[in-house]
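Just below is one structure, and these are the notes that go with it.
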Amino acid sequence: MSMNLTLKIWRQPDASSAGAMHTYQLADVSPDMSFLEMLDVLNEQLNDKGEDPIAFDHDCREGICGSCGLMINGDAHGPEVTTTCQLHMRSFKDGETITIEPWRADAFPVVKDLIVDRSAFDRIVQQGGYISVNTGSAPEAHSVPVPRDDALRAFNVATCIGCGACVAACPNGSASLFMGAKITHLGELPQGQPERDSRVVNMVAQHDHEGFGGCTNIGACTAACPKEIPLDVISQLNKDLRTAIRHGH
Amino acid sequence: MDMPDTVSAAEASASGFLDGDYDDAAGYYTPGTPLVDTKAPEGPIAERWQNRKFEARLVNPSNRRKLSIIIVGTGLAGASAAATLGEAGYNVKSFCYQDSPRRAHSIAAQGGINAAKNYKEDGDSVHRLFYDTVKGGDYRSRESNVYRLAEVSTNIIDQCVAQGVPFAREYGGLLDNRSFGGVQVSRTFYARGQTGQQLLIGAYQALERQVAAGTVSTYTRHEMLELITVDGKARGIIARDMVTGAVETHLADVVVLASGGYGNVFYLSTNAMGCNVTAAWRAHRKGAYMANPCYTQIHPTCIPVSGSHQSKLTLMSESLRNDGRIWVPKNQADCDKDPRDIPEEDRDYYLERIYPSFGNLVPRDIASRAAKNVCDEGRGVGPEVDGVRRGVYLDFSAAIERLGKKGITEKYDNLFDMYERITGENPFEVPMRIYPAVHYVMGGLWVDYDLQSTIPGLFVTGEANFSDHGANRLGASALMQGLADGYFVLPHTIRDYLADGPFEEITEDHPAVVEARESVKGRIDHFLSVNGTRSVDSYHRELGNIMWEYCGMERTETGLKKAIDLIRSLKDDFYRNVKVLGGAQTLNQSLEKAGRVADFFELGELMCIDALNRRESCGGHFRGESQTEDGEALRHDDEYAYVAAWEWAGEDSIPVLHKEDLVYTAIEMKQRSYK
Ligand SMILES: Cc1cc2nc3c(=O)[nH]c(=O)nc-3n(C[C@H](O)[C@H](O)[C@H](O)COP(=O)(O)OP(=O)(O)OC[C@H]3O[C@@H](n4cnc5c(N)ncnc54)[C@H](O)[C@@H]3O)c2cc1C
Ligand code: SF4
Ligand code: FES
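Residue numbers (the numbering used here), protein chains in the order written: chain A, 21 to 269; chain B, 4 to 678.
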């Protein structure tokens, strides 16, 4: 049972050129294909016709590296709660028109076609998204037990893959969910306490500097997040920021 | 390049080259001088690493900033090394082809990381981890390296916990462990099914901390396309900025390759789409020997292929084998039935039947071949692809009864989700279907005890080197090796090399540098100018089929010789008929792939030659000609207890084989038996 689709795809040669939507017809799409395999098939056909294939980011195709990310019919990563690479064509219907665009956010400029520049995330992490411990200076792992519930919460938010869907989904282009996930992950653990105040202050400053917008509690981020990072990490972020300021940071 | 180190026929036979019963690869290679790893210190095995660390010269802290290190790769092996060397004060440049260091393929590792902590008091120790790793590697690894790996394993866990890696914990707040693929102690630390992700994020954060400190600069979306050697020493790389297309020259005092494995030579594998051999292969062509390239690990628990559009295969962590039971129907007639309707007595739990003491936890190669055998017998399950059902059941119903749905979810949740997402079937209700897929390569660039290749100043870490796993890697040991190399081994051994600094200043107009840069530009221009009729992917797929068919789970002399012919003619056709659109001065994904596939052809041929030479079955390498009466792998220690290190002899020459004899002082070689 294969499908015929109309695809409207954003094409843009590079960062400084204007882009536009282009329409392609694709026949014989299997429901067992992943979304990116569907684009592979289209690209093979374009290549045969002598048209430049469509550029998109991807690597693991297992939903874990965070490389992939497309706006599909206006939804970051499409209709399911998962990454674009784990979305399968059985989520679409024969005859459907699908629009495919890159992440749209001031802090994520388009590089080419569907690829954007997310290096702002790395720069936010540089400002404190870590625990300072030089190699070789760590104490024995069992010297500090961590209550299981704290460890679980830390783990649950540490699963963020840095894909940027939260930013793309947010009308303000805020990266608060991404940042809140890191603040909460490290803040839940005893090891993360010494730098807790400076971490949140510096990361938030970098976030604002990169041109990400502020959070107005819309919740579109968490709805789009393939890892279901909960909205309360943003409350945690705000709470930690208030505490840090109270501590004189 | 220097003349290869070959020996005359007389010398060859004197050194044991030609006196075996077989020389299957005769005509495909030239015998070379033996290799000796001079860097492993003598003495009792437990003291060797301590001694080496002490003997390795120190570099004065005030001189470190003036010494520059290029590290290609930001996976566990590369990011950990970059962070550690940055902390030490060296001037580090870190490269990756992804848009962020955090996305390196290590991120995808699921099951866990081993360490000899003995937290479970179940008899584990450094010596036991060492023993298990050598045995698991089928006595084809270098014992002093493996011992060191086991020794530093415990430091890794301490380091990662201090970084905030959220490993699974027990109710008391202490770390939890599980037993994993082929061992009988619980020494595997894990973070649900996302261990690689959590470890890599720890290393990535440490790396970014050094970026902020100014010791490390990162070059993302940069692909290394050539190694620069000057006077026989590694002095830099040529990399392409994948956004602008600029061909850049980066010079340094020492180069580290942490560029991962080459499983994608098979086209379909569990590796990320961009995993490639280019960095390693370019170094190989410049004089770095490639060791045991045929040692490939085929993982038993992957989701079966669903059709010709398939672009990659997805692994289900083998930790699932702890709780899942593997079976196929006893009768062919049941193969297309709903598995839930097949009664217990009509099921063949073949691993439990054949290997009663290890059961579903036998090593990967045994589990993989057993799955292939039952499917070849016609007892496979799932959809028929090309007339064969390639799949076996991995059944959780007993475990769900025992642990409850909640217990299973806590242990494996994202794996169950992933399976359902891909297949559309819910494994809580229907047994999973699995089939083997290429997963990991034990082969890689040859390194000595210091992790230095045959090119002075070129070090190789992680999956890109050959060093620790012999012919087969145990589960949860690649993460251990990557972090051991990067955090705890390389930073000590590299300083001995750097202590020779300051090194002679090199400029971008040095003839060797110009030559490297021009050769990269020439290759790029060639790919763009062929303007043939076939896409890069179509060649890659065809190469992958050849490799899987003839250099996969079972290899034979005739098959391998046929594969070599097929690869040679496919490669010829590729250079004349490939179609790469677009330009050089722009982001061009087809161009990126063309360079990688070109190198895969040459690697694929060498893998077949290596497999042809090794007429024995060991670990992941199974030669049809070398098996027992009941089809078990048969090793030949008398002839093949050596590392096969291959030297590139030039475009139109056959490779040169150098042998490093494997000598065991701390362990006795035994034929492996898991019965
Ligand atoms: C699905 C899966 C699950 C696994 N699960 C486990 C597990 O549970 N336990 C375990 O121990 N092992 C596991 N492994 C194996 C393990 O993940 C890898 O062997 C290991 O992570 C390799 O790490 P690495 O640092 O050597 O290389 P990688 O993580 O592959 O990193 C390679 C780096 O090199 C860069 N690079 C490559 N080529 C170039 C180039 N030409 N130019 C510039 N940069 C380049 C890449 O950008 C990347 O940064 C698993 C593997 C797979 C595929
Ligand atoms: S919080 Fe969610 S959506 Fe945002 S980057 Fe992380 S995984 Fe992606
Ligand atoms: S390609 Fe890695 S998350 Fe989609």
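Glycine included, every Cβ here is placed at the ideal spot set by N, Cα and C.
Being a predicted model, the structure only gives us computed values, none of them experimental.
Just verifying my parser: in three-state terms, what is the DSSP assignment at residue 443/B? Sequence index remark: in the second sequence, residue 443/B carries index 440 (1-based). Here residue 443/B sits in strand by DSSP.
Within-7 Å CB hit, residue 85/A to chain B: The sequence position of residue 85/A within the first sequence is 65, counting from 1. Yes, contact with chain B.
Between the beta-carbon of residue 55/A and the beta-carbon of residue 104/A, is there less than 7 Å? In the first sequence, the residue the question calls residue 55/A occupies position 35. In the first sequence, the residue the question calls residue 104/A occupies position 84. Judged by their CB atoms, residue 55/A and residue 104/A are nearer to each other than the 7 Å cut-off.
Amino acids of chain B, ordered along the chain, whose beta-carbon sits closer than 9 Å to that of residue 131/A: Against the first sequence, residue 131/A aligns to sequence position 111. Within chain B, the residues near residue 131/A are 102, 224, 246 and 590.
Sorted by chain position, which residues of the same chain lie with C-beta nearer than 7 Å to residue 542/B's C-beta, five sequence neighbours on each side aside? Here residue 542/B corresponds to residue number 539 of the second sequence, with the count starting at 1. Answer for residue 542/B: 573, 577, 581 and 600, listed in chain order.
When every heavy atom of ligand 1 is checked, does at least one fall within less than 6 Å of the C-beta of residue 108/B? By 1-based counting over the second sequence, the position of residue 108/B is 105. Yes, the beta carbon of residue 108/B sits closer than 6 Å to at least one heavy atom of ligand 1.
Output the distance between the C-alpha atoms of residue 247/A and residue 167/A, rounded to the nearest integer angstrom. Taking the first sequence and counting its residues from 1, the one referred to as residue 247/A is at position 227. Taking the first sequence and counting its residues from 1, the one referred to as residue 167/A is at position 147. Taking the straight line from one Cα to the other gives about 23 Å.
For residue 138/A, three-class secondary structure by DSSP: Mapped onto the first sequence, residue 138/A falls at position 118. Coil.
For residue 324/B and residue 363/B, which I take to be in contact (beta-carbon distance under 8 Å), what is that distance rounded to the nearest angstrom? Position 321 of the second sequence, counting from 1, holds the residue named residue 324/B. Position 360 of the second sequence, counting from 1, holds the residue named residue 363/B. Rounded, the Cβ-Cβ distance is 5 Å, consistent with contact.
Leaving out five residues on either side along the sequence, give the residues of the same chain with a beta carbon under 7 Å from the beta carbon of residue 118/B. In the second sequence, counting from the first residue as 1, residue 118/B sits at position 115. Taking residue 118/B as the centre and dropping the five residues before and after it, the same chain places the C-beta of 156, 157, 159, 160, 190, 192 and 483 closer than 7 Å to its C-beta, in chain order.
Kindly say whether residue 80/A, judged by its beta-carbon, lies nearer than 7 Å to any beta-carbon of chain B. Residue mapping note: residue 80/A aligns to position 60 of the first sequence, counting from 1. So, interface residue.
Alpha carbon of residue 217/B to alpha carbon of residue 512/B, nearest angstrom: Within the second sequence, residue 217/B is the residue found at index 214, counting from 1. Within the second sequence, residue 512/B is the residue found at index 509, counting from 1. Rounded to the nearest angstrom, the two C-alpha atoms are 27 Å apart.
Here's the rule: buried if 16 or more other CB atoms are within 10 angstroms of the residue's CB, otherwise exposed. What is residue 196/B? Mapped onto the second sequence, residue 196/B falls at position 193. So residue 196/B ends up on the buried side.
Is residue 78/B a contact residue of ligand 1, with contact defined as CB to any heavy atom under 6 Å? Walking along the second sequence from the start, residue 78/B turns up at place 75. For ligand 1, a non-hydrogen atom lies closer than 6 Å to the CB of residue 78/B.
Using three-state DSSP, classify residue 266/A as helix, strand or coil. For this step, residue 266/A is matched to residue 246 along the first sequence. Three-state result, residue 266/A: helix.
Could you tell me the distance, in whole angstroms, from the CA atom of residue 617/B to the CA atom of residue 76/A? Along the second sequence, read from residue 1 onward, the residue named residue 617/B stands at position 614. Along the first sequence, read from residue 1 onward, the residue named residue 76/A stands at position 56. Distance from the CA atom of residue 617/B to the CA atom of residue 76/A, rounded to whole angstroms, is 42 Å.
Looking only at its chain, what residues have a beta carbon closer than 8 Å to the beta carbon of residue 709/B, apart from the 5 residues adjacent to it on each side? Because residue 709/B is not part of the residues shown, which for chain B are 4 to 678, the question remains open.
Would you check whether ligand 3 has a heavy atom nearer than 6 Å to the C-beta of residue 103/A? Against the first sequence, residue 103/A aligns to sequence position 83. The answer is yes for residue 103/A.
What does DSSP give as the partner residue(s) for residue 26/A in the beta ladder? The count along the first sequence starts at 1 and reaches residue 26/A at position 6. For residue 26/A, DSSP records a beta bridge to 45/A and 117/A.
Own chain partners of residue 235/B with C-beta closer than 8 Å, once the 5 adjacent residues on each side are dropped: Taking the first residue of the second sequence as 1, we reach residue 235/B at position 232. 5, 290, 458 and 459, listed in sequence order.
CA-to-CA distance, residue 130/A to residue 202/A, given in whole angstroms: Against the first sequence, residue 202/A aligns to sequence position 182. Against the first sequence, residue 130/A aligns to sequence position 110. The alpha-carbon separation between residue 202/A and residue 130/A amounts to approximately 25 Å.
Quick one, which residues of the region 160-182 of chain A are near chain B if we go by CB-CB under 7 Å, in chain order? Going along the region 160-182 of chain A in chain order, one finds 160, 161, 162, 165, 166, 167, 168, 171, 174, 175, 178, 179 and 182 with a Cβ nearer than 7 Å to chain B.
Any heavy atom of ligand 2 within a distance shorter than 6 Å of the CB on residue 198/A? Counting from one through the first sequence, the residue named residue 198/A turns up at place 178. Residue 198/A Cβ: within cutoff of ligand 2.
May I have the straight-line CA-CA distance separating residue 253/A from residue 148/A, to the nearest angstrom? As a first step, residue 253/A must be located in the first sequence, where it is residue number 233. As a first step, residue 148/A must be located in the first sequence, where it is residue number 128. Roughly 17 Å between the two C-alpha positions.
I'd like to know whether the C-beta of residue 25/A is nearer than 7 Å to at least one C-beta of chain B. Mapped onto the first sequence, residue 25/A falls at position 5. No, because no Cβ of chain B sits closer than 7 Å to the Cβ of residue 25/A.
Is residue 567/B helix, strand or coil when you go by DSSP? Indexing the second sequence from 1 puts residue 567/B at position 564. The answer is helix: DSSP assigns residue 567/B an H, G or I state.
Residue 410/B versus residue 402/B: straight-line alpha-carbon distance, rounded: To locate residue 410/B, count along the second sequence from 1; it is residue 407. To locate residue 402/B, count along the second sequence from 1; it is residue 399. Going by C-alpha positions, residue 410/B is about 9 Å away from residue 402/B.
Residue 31/B to residue 612/B, Cα distance in whole Å? Numbered from 1 along the second sequence, position 28 holds the residue referred to as residue 31/B. Numbered from 1 along the second sequence, position 609 holds the residue referred to as residue 612/B. Their backbone Cα atoms lie some 7 Å apart in a straight line.
Going by beta carbon distance, what residues of the same chain come within less than 6 Å of residue 166/B, once the five residues before and after it are set aside? Position 163 of the second sequence holds residue 166/B. Answer for residue 166/B: 205, listed in chain order.
Beta-carbon neighbours of residue 540/B, restricted to chain A and to distances below 7 Å: Stepping through the second sequence from its first residue, residue 540/B is reached at position 537. Against residue 540/B, the close residues of chain A are 64, in the order they occur along the chain (beta-carbon pairs closer than 7 Å).
Which same chain residues, not among the five before or five after residue 218/A, have their C-beta less than 8 Å away from its C-beta? Within the first sequence, the letter at position 198 stands for residue 218/A. If we look at residue 218/A and ignore the five residues flanking it on each side, its Cβ neighbours are 148, 264 and 269.
Mind checking whether residue 107/A and residue 100/A have CB atoms under 7 Å apart? Translated into the one-based positions of the first sequence, residue 107/A becomes position 87. Translated into the one-based positions of the first sequence, residue 100/A becomes position 80. If you check the CB distance, residue 107/A and residue 100/A come in under 7 Å.
In chain B, which residues lie with their C-beta within 8 Å of the C-beta of residue 106/A? Here the question's residue 106/A lines up with position 86 in the first sequence. Under the 8 Å cutoff, chain B gives 421, 424 and 425.
Can you tell me whether residue 683/B is helix, strand or coil according to DSSP? Past the boundaries of the shown model lies residue 683/B; chain B is included only from 4 to 678, so the question cannot be answered.
Would the beta-carbon of residue 170/B fall within 7 Å of that of residue 177/B? In the second sequence, residue 170/B corresponds to position 167, counting from 1. In the second sequence, residue 177/B corresponds to position 174, counting from 1. Contact flag unset, no.
Which residue's Cα is closest to the Cα of residue 569/B: 591/B, 604/B, 261/B and 594/B? Numbered from 1 along the second sequence, position 566 holds the residue referred to as residue 569/B. Looking at the Cα atoms, 604/B is the closest of the given residues.
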